[in-house]
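**Student:** Quick one: the structure is below, and I'll ask about it shortly.
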Amino acid sequence: MANQWREKTPELKEWLRLSVVGWRKEPVVKRIPCPTRLDRARRLGYKAKQGIVLVRVRVRRGGAKKPRPISGRRQKAMGVSKFTRSLSLQRIAEKRANRKYVNLTILDSYYLYSDGIHHWYEVILADKSHPALAE
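Basically my numbering = 1-based index in the sequence shown + 25.
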């Protein structure tokens, strides 16, 4: 399975291309029943048990959109374009998932797919107070 993702077989590419059509219509943070990349999720701590939640998060591609200063003169170095975030897009995806599911803690996340506009990540969240994870 990992080999299929590494080499991006034609069947996988076609399946992803068709899946993304539906993903674009979903909300930005969407809870999913099972991982899209099972091998990667298992390596990062996912188990199919109660208390562990998987979320697919969509993040917009490209640099940050810094607001243009309105007052005063136009500076030579305005800092509007070519502005780099201090957080990676993956970290932003994790924060968005955590903002929606406040009672859960982030275990890890992994890259899923990107098109011309968005990146998709899957975030693994765990409920530390759940009896199934208390062991």
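Ideal Cβ placement from N, Cα and C applies to all residues, glycine included. Note that this is a predicted model, so its numbers are computed, not measured.
1) For residue 30, I'd like the list of residues in its chain whose CB is within less than 8 angstroms of its CB, leaving aside the five on either flank, ordered along the chain.
2) How big is the Cα-Cα spacing for residue 58 and residue 126?
3) Taking residue 48 as the reference, give the member of 128, 123, 137, 117 with the closest Cα.
4) Quick check on the burial criterion: 16 or more other C-beta atoms within 10 angstroms. Buried or exposed for residue 149?
5) Spell out the partners DSSP gives residue 131 in its beta bridges.
6) May I ask you to report which of helix, strand or coil DSSP gives residue 37?
7) Who are the near neighbours of residue 128 in its chain, counting only those whose CB is closer than 7 angstroms to its CB and skipping five residues on each side?
8) Buried or exposed: residue 79, going by 16 or more other Cβ atoms within 10 Å of its Cβ?
9) Per DSSP, which one or two residues make a beta bridge with residue 55?
10) Between 34, 51, 27, 74, which lies nearest to residue 159 when the distance is taken from Cα to Cα?
11) In this structure, how does DSSP classify residue 158 when only helix, strand and coil are distinguished?
**Tutor:** Taking the geometry as given:
1) For the purposes of this step, residue 30 is taken as residue 5 along the sequence shown, with counting starting at 1. The answer, listed in chain order, is 37, 62, 64, 65.
2) By one-based count along the sequence shown, residue 58 stands at place 33. By one-based count along the sequence shown, residue 126 stands at place 101. In a straight line, the C-alpha of residue 58 is about 15 angstroms away from that of residue 126.
3) Residue numbering aside, residue 48 sits at position 23 when the sequence shown is read from its first letter. Answer by Cα proximity: 137.
4) As a first step, residue 149 must be located in the sequence shown, where it is residue number 124. Residue 149 comes out buried.
5) The residue you call residue 131 lines up with position 106 of the sequence shown. Bridge partners of residue 131: 150.
6) Walking along the sequence shown from the start, residue 37 turns up at place 12. Correct three-state label for residue 37: helix.
7) Start at 1 with the first residue of the sequence shown, and residue 128 comes out as number 103. Correct list, in chain order: 152.
8) Taking the first residue of the sequence shown as position 1, residue 79 is located at position 54. So residue 79 counts as buried.
9) Position 30 of the sequence shown, counted from the start, is the residue given in the question as residue 55. In the DSSP output, where bridge partners are listed per residue, residue 55 has 81.
10) In the sequence shown, the residue the question calls residue 159 occupies position 134. Residue 74 is the option with its Cα nearest to residue 159.
11) Locating residue 158 in the sequence shown gives position 133, where the first residue counts as 1. In this structure, residue 158 counts as helix in the three-state DSSP scheme.
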